[in-house]
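>
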Amino acid sequence: DSAMGPVALRPVLDRVERMVSRYPNHTAVVTATDRLDYRQLWRHTGQWRQRCATLGLPSGSLVAVLSGSGAGLPAAFLGARAAGLVPLLLDGAQPSRVATALAAARPVAVLRADEGEVEPADVADPRTLSAAAGYLVFSSGSQGKPKAIVGQAAGLLHFLDWEIATLGAAPGTRVAMLTSPAFDVVFRDLLLPLCSGGELHIADQAVRTTSAAVLPWLAEHRIEVLHAVPSLSARWIEAGSPSVDSLRHTLFAGEPL
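Mapping to this note's numbering: the sequence shown position 204 is 190, numbers consecutive.
Structure, rendered in structure tokens:
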């Protein structure tokens, strides 16, 4: 058992805890205003676990994690998993999508990651998922109505292990998070660095939504690994921004390249 509870059904949490024990003083999360090392990240994770525990929820209960561009998202996600809950990540900058997702998903509570607050959700029939579930996401809606997808915790770590090995991600590797928390592939950005001892660099909303700001931000943060959509990256280049000499891997998905 982990200090935060059984890890058999929480493999990603177990992996991050291993990185904490090996690299406590290494930088884990960087935003425009904050920098957390792995020890601080784990302390915040424990605080989120305690907040969730006060709700007295059964294992597998679904909770929404609402965030913006702050450093609270990783610890809120990990803390929910440590409490045996299943997180649904939502983007506070997309209020209409948040309302639609909350109505469809029926979470029992909302974790406000940037404010450090937990509040019960006003739903009549809150949803509980299986013990194997690691997260819930909604598809982008590009093919019609967004679909709810239950992700398996073991499957998520399987993908992360493949990507870590393929890219040679290691302690100190700087990975960008430009993906909206509500997009169904955000876990690549969020967890690739934290499962390999690397650095998660979270771009704020102004950077994510301004094409001319992205490449300068990547250069400033000396980003080495980037997940991107081809059409978006084309806009970044057309904006006439500088090159990013630190970049080692750009992984494209979602559209023809």
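Every residue, glycine too, gets a C-beta built ideally from N, C-alpha and C.
Quickly, what does DSSP pair S53 with across the bridge? List them, please.
According to DSSP, S53 bridges with D77.
> Quick check: what's the CA-CA separation for D147 versus L237?
One C-alpha to the other measures close to 16 Å.
> Between which two residues does the beta strand (DSSP E) harbouring V2 extend?
Premise fails: V2 lies in the alpha helix (DSSP H), P(-3) to R8, not in any beta strand (DSSP E).
> Expressed to the nearest angstrom, what Euclidean distance is found between the alpha-carbon atoms of R234 and E210?
Rounded to the nearest angstrom, the two C-alpha atoms are 5 Å apart.
> Given K133, which residues of its chain have a CB within under 8 Å of its CB, disregarding the five upstream and five downstream residues?
For K133, where only same-chain residues beyond five positions count, the Cβ hits under 8 Å are F124 and S125.
> Just checking, does the segment 158 to 173 make contact with the segment 181 to 195 on the three C-beta pairs under 8 Å criterion?
Contact between the segment 158 to 173 and the segment 181 to 195 is present, because at least three Cβ pairs lie under 8 Å.
> Between W203, S47 and A66, which has its C-alpha nearest R98's C-alpha?
Minimum Cα distance to R98 is reached at A66.
> Would you kindly work out how many angstroms separate the C-alpha atoms of L176 and T31, rounded to a whole number?
So the two alpha carbons sit approximately 14 Å from each other.
> Within its chain, find whatever has a CB closer than 6 Å to the CB of A(-11); leave out the 5 residues flanking it on each side and keep chain order.
For A(-11), the predicted structure reports a pLDDT of 48, less than 50, and the residue's modelled location is therefore unreliable. The matter cannot be settled from this model.
> Buried or exposed, going by whether 16 or more other CB atoms sit within 10 Å of the CB of L186?
Its Cβ being crowded by 16 or more others within 10 Å, L186 is buried.
> Need the endpoints of the alpha helix (DSSP H) that R174 sits in, please.
Counting along the chain, the alpha helix (DSSP H) containing R174 begins and ends at V172 to L180.
> Just to confirm, is the Cβ distance from V94 to S45 under 8 Å?
It is not a contact, given that the beta carbons lie outside the stated cut-off.
> When you compare the CB positions of L201 and S166, do they come within less than 8 Å of one another, or not?
No, Cβ-Cβ distance for L201 and S166 is not below 8 Å.
> Can you tell me whether R208 is buried or exposed? The criterion is at least 16 other CB atoms within 10 Å of its CB, across all chains shown.
It is exposed - the Cβ of R208 has fewer than 16 other Cβ atoms within 10 Å.
> Using only the alpha-carbon positions, how far apart do W28 and E206 sit?
Going by the C-alpha atoms only, they are around 26 Å apart.
> Give me the Cα-Cα distance between R8 and R174, rounded to the nearest whole angstrom.
Going from the Cα of R8 to the Cα of R174 covers about 22 Å.
> From V96 to A14, what distance separates their C-alpha atoms?
Straight-line Cα distance between these residues: approximately 25 Å.
> Kindly identify the DSSP beta-bridge partner or partners of F238.
Paired residues: A214.
> Is the beta carbon of V51 less than 8 Å from the beta carbon of A139?
No, they are not a contact pair.
> Sorted by chain position, which residues of the same chain lie with C-beta nearer than 6 Å to P112's C-beta, five sequence neighbours on each side aside?
Excluding sequence neighbours, P112 sits near R92 and V94.
> Would you kindly check if the distance between the Cβ of A225 and the Cβ of S197 is under 8 Å?
Against a cut-off of 8 Å, the Cβ pair of A225 and S197 comes out as a contact.
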